[in-house]
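Heads up: the sequence shown begins at 1 in our numbering, then just goes up one per residue.
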Amino acid sequence: MGKRAKRGKAETVALPMAARVAIGAVAVAALGYGLLSGPESAEPIRKPAAHQALASSTPVYVAAPAHASAPAPAPAPAPIPTPAPLVEPPKAADGPGAFVRQVVDYASHQAPGTVIVDTKNTFLYFVLNDTQALRYGIGVGREGFTWSGEQTVARKTEWPDWRPPAEMLVRQPYLPRFMAGGPGNPLGARAMYLGETEFRIHGTNKPDTIGKRVSSGCIRLTNDDVVDLYERVKVGAKVIVLPAVAPSPGPKVAEVQ
């Protein structure tokens, strides 16, 4: 083989080798360029500091927003105490409702402690002051036995005995001549004798006669009411008996039933 032929064979062998080297160099260069060049927006990952990592792992509690509460209502004013009554509260009487013992407005202009008997309306008033009185329901004298005028309380007796007057025994001879004091006695639990007469303000064992005209001139109350009045009335107190219709000529001898 000549020199020309050997040189051509060497070039033929050397060319492919050079091409392979060149291709490898290009590949290495492309790989290096790809590694060196990345997206401009990419940032390196940084490891957080220890205190930052601790803070991020700790739960955070957020207080709920405070809402304005409605103002508390003003305290209610203290109740004004009711003044005490002038006398004890009225108690229920045995008679109808109108005759229950009670304090009423009554302008009498009489001294406190005066007793006023309203024969027409069957009420007795115990004067408390210029404008008030304690009112009681009463039974009064039947027709022909009513009277009016002024007397005083001469004496007072608890559970009085009863001796019917002679005039009553003439009309009613079956009556006892004497009856000891007690629940069955017609004079009841108490009696207040008026002046030198036989008229009395007294109790009764027949409470259904309150508000009626049934006596022989005496003024009767239920036993509960006469006990209450007895404790209030003083010996010497004035008693005014108002006329039922027209002025009476004068008191008659009482006949108690």
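Note that beta-carbon positions come from the ideal geometry of N, C-alpha and C, so glycine has one too.
Along the beta strand (DSSP E) that carries residue 158, what are the first and last residues, could you check?
149-158
Output needed for residue 227: all residues of its chain with C-beta closer than 8 Å, excluding positions within five of it in sequence on either side, in chain order.
189, 190 and 203
Bridge-paired residues (DSSP) for residue 139
220
Alpha-carbon spacing of residue 171 relative to residue 123, whole angstroms:
Roughly 29 Å between the two C-alpha positions.
Does the structure place the region 196-212 close enough to the region 128-135 that three or more beta carbon pairs sit under 8 Å?
no
Spatial neighbours of residue 266 within its chain, please: CB distance less than 6 Å, with the 5 preceding and 5 following residues excluded, ordered by chain position.
Here the chain comprises residues numbered 1 to 257, so residue 266 is not present and cannot be evaluated.
Count the other CB atoms within 10 Å of the CB of residue 101; is the residue buried (16 or more) or exposed (fewer)?
Per the 10 Å Cβ criterion, buried.
Return the CA-CA distance between residue 183 and residue 174, expressed in angstroms with no decimal places.
20 Å
With 16 other CB atoms within 10 Å as the buried threshold, where does residue 161 fall?
Answer is exposed; the Cβ neighbour count stays below 16.
Spatial neighbours of residue 187 in its chain, beta-carbon cut-off 6 Å, leaving aside the 5 residues before and after
Apart from the 5 residues on each side of it in sequence, residue 187 sits with its Cβ closer than 6 Å to the Cβ of 160, 162 and 202 in its chain, given in chain order.
Where the alpha helix (DSSP H) through residue 179 begins and ends:
No alpha helix (DSSP H) holds residue 179; DSSP gives it neither H nor E.
Compare the Cα-Cα distances from residue 158 to each of 244, 115 and 231 and report the closest residue.
231
Boundaries (first-last residue) of the alpha helix (DSSP H) holding residue 166
Residues 166-171.
Quick one: residues in its chain with C-beta nearer than 6 Å to the C-beta of residue 110, no 5 flanking neighbours on either side, listed in chain order?
Excluding sequence neighbours, residue 110 sits near 127.
Does residue 139 pass the burial test, meaning 16 or more other C-beta atoms within 10 Å, or should it be called exposed?
buried
So, are the CB atoms of residue 152 and residue 233 less than 8 Å apart?
no
Leaving out five residues on either side along the sequence, give the residues of the same chain with a beta carbon under 7 Å from the beta carbon of residue 237.
113, 114, 115, 152 and 153
Quick check on residue 232: does DSSP put it in helix, strand or coil?
helix
CB contact flag (residue 225, residue 136, <8 Å):
yes
Candidates 164, 199, 222 and 155: closest to residue 180 by CA position:
164
Could you say which of 205, 206 and 219 lies nearest to residue 194 if we only look at CA atoms?
219
Ignore the nearest five residues each way along the sequence and tell me which others in residue 59's own chain have a CB closer than 8 Å to its CB.
Residue placement at residue 59 is poorly supported in this model, since its pLDDT is 47, which falls under 50; the coordinates still yield a value, given next. Excluding sequence positions up to five before and after residue 59, its CB lies less than 8 Å from no other CB in the same chain.
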